[in-house]
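Let me begin by presenting the structure, written as C-alpha coordinates, before commenting on it.
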Amino acid sequence: AVDKQMEADHNHIVVAVVEGECTVKRLVCEHGTWWLKPENPDYQPWEIVDADAVRIWGVVTHVLHELVPGKLAALLRTRD
(Lines of atoms letter the chains of each structure in order from A and count residues from 1; the text may use other names and numbers.)
(Lines give C-alpha, C1' and ligand atoms only; values in the text may rest on other atoms or scores of the structure.)
Protein backbone atom coordinates (compact mmCIF):
# COMPACT_ATOMS: atom_id res chain seq x y z
CA ALA A 1 0.00 0.00 0.00
CA VAL A 2 1.13 3.56 -0.65
CA ASP A 3 0.13 6.46 1.59
CA LYS A 4 0.01 9.62 -0.50
CA GLN A 5 -0.69 11.79 2.56
CA MET A 6 2.30 10.63 4.62
CA GLU A 7 5.36 12.88 4.63
CA ALA A 8 8.42 11.06 3.32
CA ASP A 9 11.44 10.94 5.60
CA HIS A 10 14.89 9.35 5.85
CA ASN A 11 14.89 5.60 5.19
CA HIS A 12 11.29 5.46 3.93
CA ILE A 13 10.57 3.48 0.79
CA VAL A 14 8.83 5.85 -1.58
CA VAL A 15 7.16 5.96 -4.95
CA ALA A 16 8.89 8.82 -6.73
CA VAL A 17 8.42 10.40 -10.13
CA VAL A 18 11.78 11.20 -11.73
CA GLU A 19 11.91 12.65 -15.24
CA GLY A 20 8.31 11.54 -15.82
CA GLU A 21 8.95 7.92 -14.78
CA CYS A 22 7.69 6.23 -11.59
CA THR A 23 10.19 4.37 -9.47
CA VAL A 24 10.20 2.71 -6.05
CA LYS A 25 13.32 3.51 -4.05
CA ARG A 26 14.53 4.07 -0.49
CA LEU A 27 14.81 7.77 0.40
CA VAL A 28 18.05 8.33 2.32
CA CYS A 29 19.76 11.42 3.71
CA GLU A 30 23.53 11.09 4.11
CA HIS A 31 25.60 14.06 5.31
CA GLY A 32 22.87 16.49 4.25
CA THR A 33 22.47 15.02 0.77
CA TRP A 34 19.26 13.22 -0.23
CA TRP A 35 19.40 10.07 -2.34
CA LEU A 36 16.98 7.64 -3.94
CA LYS A 37 18.61 4.26 -3.37
CA PRO A 38 17.50 1.03 -5.03
CA GLU A 39 17.32 -2.14 -2.95
CA ASN A 40 18.94 -3.98 -5.86
CA PRO A 41 22.75 -3.60 -5.60
CA ASP A 42 23.04 -3.91 -9.39
CA TYR A 43 21.63 -0.37 -9.71
CA GLN A 44 23.24 2.90 -8.67
CA PRO A 45 21.75 5.38 -6.18
CA TRP A 46 20.39 8.60 -7.63
CA GLU A 47 21.39 11.84 -5.91
CA ILE A 48 18.60 14.37 -5.60
CA VAL A 49 20.38 17.49 -6.82
CA ASP A 50 17.29 19.42 -7.93
CA ALA A 51 14.33 18.85 -5.62
CA ASP A 52 12.02 20.21 -8.33
CA ALA A 53 13.07 17.34 -10.63
CA VAL A 54 11.73 14.72 -8.19
CA ARG A 55 8.17 14.36 -6.95
CA ILE A 56 7.50 12.01 -4.05
CA TRP A 57 4.15 10.45 -4.95
CA GLY A 58 3.76 8.53 -1.69
CA VAL A 59 5.33 6.40 1.03
CA VAL A 60 5.13 2.61 0.82
CA THR A 61 3.51 1.38 4.04
CA HIS A 62 2.69 -2.28 3.29
CA VAL A 63 3.88 -4.93 0.85
CA LEU A 64 2.31 -8.28 -0.08
CA HIS A 65 4.72 -10.98 -1.16
CA GLU A 66 3.39 -13.99 -2.99
CA LEU A 67 5.72 -16.85 -2.11
CA VAL A 68 3.83 -19.54 -4.04
CA PRO A 69 3.14 -18.35 -7.61
CA GLY A 70 -0.58 -18.27 -8.40
CA LYS A 71 -1.71 -19.04 -4.85
CA LEU A 72 -2.96 -15.53 -4.07
CA ALA A 73 -4.87 -15.27 -7.36
CA ALA A 74 -6.48 -18.67 -6.72
CA LEU A 75 -7.46 -17.63 -3.20
CA LEU A 76 -9.01 -14.40 -4.43
CA ARG A 77 -10.99 -16.26 -7.14
CA THR A 78 -12.57 -18.53 -4.51
CA ARG A 79 -13.91 -15.50 -2.65
CA ASP A 80 -15.93 -14.19 -5.62
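Final position of the sequence shown in full-length UniProt numbering is 80; the numbers increase by one with none missing.
We put the CB at the ideal spot given by N, CA and C, even for glycine.
Item: Segments assigned beta strand (DSSP E), at least 3 residues, entirely inside the stretch 24–57; Value: 33–37
Item: Neighbourhood of Pro45 by C-beta distance below 6 Å, restricted to the same chain and skipping five residues each side; Value: Trp35 and Lys37
Item: Nearest-angstrom Cα separation, counted from Asp42 out to Ala53; Value: 24 Å
Item: Cβ distance (whole Å) where Val2 is taken to contact Val15 below 8 Å; Value: 5 Å
Item: The ligand NAP heavy atom lying under 7 Å from the CB of Leu27; Value: By its list of ligands, the structure shown contains no ligand whatsoever, and the ligand NAP lies outside what it can speak to.
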